[in-house]
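Numbering (this note's numbering), first residue to last: 22 to 243.
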C-alpha cells in the first residue's frame with residue numbers, strides 16, 4: 022500500500038477511502054458485507070474527472086473550438102486512456118478482487134482498471150478536496166500526447182459520447198459488400214437505437230466503420 026501511495030503522490034488522512042477505491046464489487050460480494058465496493062466512488066470520480074479534464078484543456082488549448090475540445094476530452098477520459106493511466110501507477114496489483122476475477126486476471130482488464138482509477142480520483146477528492154484531485158489528474162493530462170489522443174479514431178470518440186447516456190445502443194451494420202476478392206468494397210451504417218446516424222464506404226469493414234462514425238460525429242456538430 023505504501024508503494025501505491027508514493028506513486029499517487031498523496032497521503033490519505035482516511036485510508037479507508039483508498040481501500041474502498043481499490044475494492045471491486047466481486048471482492049465486496051464475497052466479504053459478507055465487510056467491505057463496500059468502489060462503484061459509488063467510481064460514479065463520483067467520473068464527474069470529478071470530467072470537470073478537471075474540461076478545465077485543464079479549456080485553459081491549455083485556447084485555440085481549439087468547443088467541438089474539438091469535446092473530442093479531446095473524450096479521448097482523455099476513455100477506457101483506453103484511463104486504464105493506461107492506471108497501469109502507470111501499477112494500480113492493478115493493488116486491487117481487491119473476488120476469486121473468480123482474480124483467477125481470470127481481472128486486475129489486467131481495462132474496464133476494471135479504468136473504473137478503479139475513477140474511484141481513486143473520487144477518494145482523493147473526498148479526502149482532500151479538489152486541489153489534490155486536480156494535481157493528481159493533471160499529472161497524467163500534462164503528458165497526454167498522440168499516444169492517447171484518439172481524436173482520429175472516430176469510433177472511439179463516438180462510443181465515449183454515446184456511453185454518457187446509459188441504455189443507448191450503438192451498432193455497426195454491414196449493408197453492402199461488392200467487388201472481387203482483391204478489390205472489395207464495404208458499406209456500413211452506424212445505428213443508434215436502430216436509427217441510422219452515419220454511413221461509410223471503404224476498402225475494409227474497419228475503414229467503412231470509421232468513416233460511418235466520422236459522418237455521425239459530423240452530423241452531431243463535432
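The beta-carbon is built from N, C-alpha and C at its ideal position, and this holds for glycine as well.
Query, Result
"Contacting residues, own chain, Cβ-Cβ under 7 Å from residue 77 (five flanking each side not counted)", "159 and 162"
"Contact belief for residue 69 with residue 143 at Cβ below 8 Å, rounded distance in angstroms", "6 Å"
"Span of the beta strand (DSSP E) around residue 23", "Taken as a continuous stretch (DSSP letters only), residue 23 belongs to no beta strand (DSSP E), being part of the alpha helix (DSSP H) at 23–29."
"Helix, strand or coil at residue 130 [DSSP, three-state]", "coil"
"Contact the region 105–115 vs the region 125–138: 3+ CB pairs below 8 Å", "yes"
"Closer than 6 Å: residue 74 CB and nearest the ligand ATP heavy atom", "Because no ligand of any kind appears in the structure shown, any question about the ligand ATP cannot be addressed here."
"For residue 41, the three-state DSSP class (helix, strand or coil)", "helix"
"The region 90–99 touching the region 109–123, judged by at least three CB pairs closer than 8 Å", "no"
"Residue 59 - DSSP class collapsed to helix/strand/coil", "coil"
"Where residue 32 falls: helix, strand or coil (DSSP)", "coil"
"Residue 222 versus residue 242: straight-line alpha-carbon distance, rounded", "21 Å"
"Where residue 199 sits in the DSSP three-state scheme", "strand"
"Cβ of residue 25 within 7 Å of any chain D Cβ", "This model lacks chain D altogether; it includes just one protein chain."
"Residue 66 - DSSP class collapsed to helix/strand/coil", "helix"
"7 Å Cβ cutoff met for residue 179 and residue 232", "no"
"Helix, strand or coil at residue 71 according to DSSP, with G and I counted as helix", "helix"
"Spatially closest choice to residue 50 from 67, 90 and 117, by CA coordinates", "117"
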